[in-house]
Amino acid sequence: MEDIKTIDGKVVTEKMLDKWAEELDCDEWPEGWKNVGEIIVGRPPLSVEGSAVLSVKVPVPMKRAIERKAKEEGLSTSDFVRSIIANESVHG
């Protein structure tokens, strides 16, 4: 496995990661860390324009196939369907 390095070139060890995780689990900032902004709860928006819900009815076997394919690709069903729609709108 390739070494993980900090911006200044210092190698990050498993021991360092464990120590940081322990401190963060106790709501403490590890030594040398600083807060650079507000903590934002939730996932980031999908676009700057905002999002809208698109609800469609599909046959049950199609829904199962979509869910299976999404899982195979390591995506949520929503992300998988969004990628299909985006691909079709660009190439369609």
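Residue numbers for the sequence shown follow our numbering, so the first one is 28 and each next one is one higher. For glycine and all other residues, C-beta sits at the position ideal for the given N, C-alpha and C.
Of all the alpha helix (DSSP H) runs that stay within the bounds of the segment 33 to 100, which reach a length of 4 or more residues? Entirely contained in the segment 33 to 100, the alpha helix (DSSP H) runs reaching 4 residues are, in chain order, 41 to 52 and 87 to 99.
Provide the residue(s) that pair with Ile31 in DSSP beta bridges, ordered along the chain. Within the sequence shown, numbered from 1, the residue matching residue 31 stands at position 4. Val39.
Apart from the five residues on each side of it in sequence, which residues of its chain come closer than 6 Å, Cβ to Cβ, to Asp30? Here the question's residue 30 lines up with position 3 in the sequence shown. Excluding sequence neighbours, Asp30 sits near Val38.
Collapsed DSSP secondary structure at Ser116 in the structure displayed: Translated into positions along the sequence shown, residue 116 becomes position 89. Note: Ser116 maps to helix in three-state DSSP.
Given this structure, state the Cα-to-Cα distance separating Val87 from Gly64, to the nearest angstrom. In the sequence shown, the residue the question calls residue 87 occupies position 60. In the sequence shown, the residue the question calls residue 64 occupies position 37. Cα to Cα, the separation comes out at about 45 Å.
Beta-carbon proximity list for Thr33, same chain, < 8 Å, skipping 5 on both sides: In the sequence shown, the residue the question calls residue 33 occupies position 6. Excluding sequence neighbours, Thr33 sits near Val39.
Cutoff 7 Å; reference Pro72; Cβ partners in own chain excluding five residues on either side: In the sequence shown, residue 72 corresponds to position 45, counting from 1. Once the five neighbours on either side are set aside, the close Cβ partners of Pro72 are Ser78.
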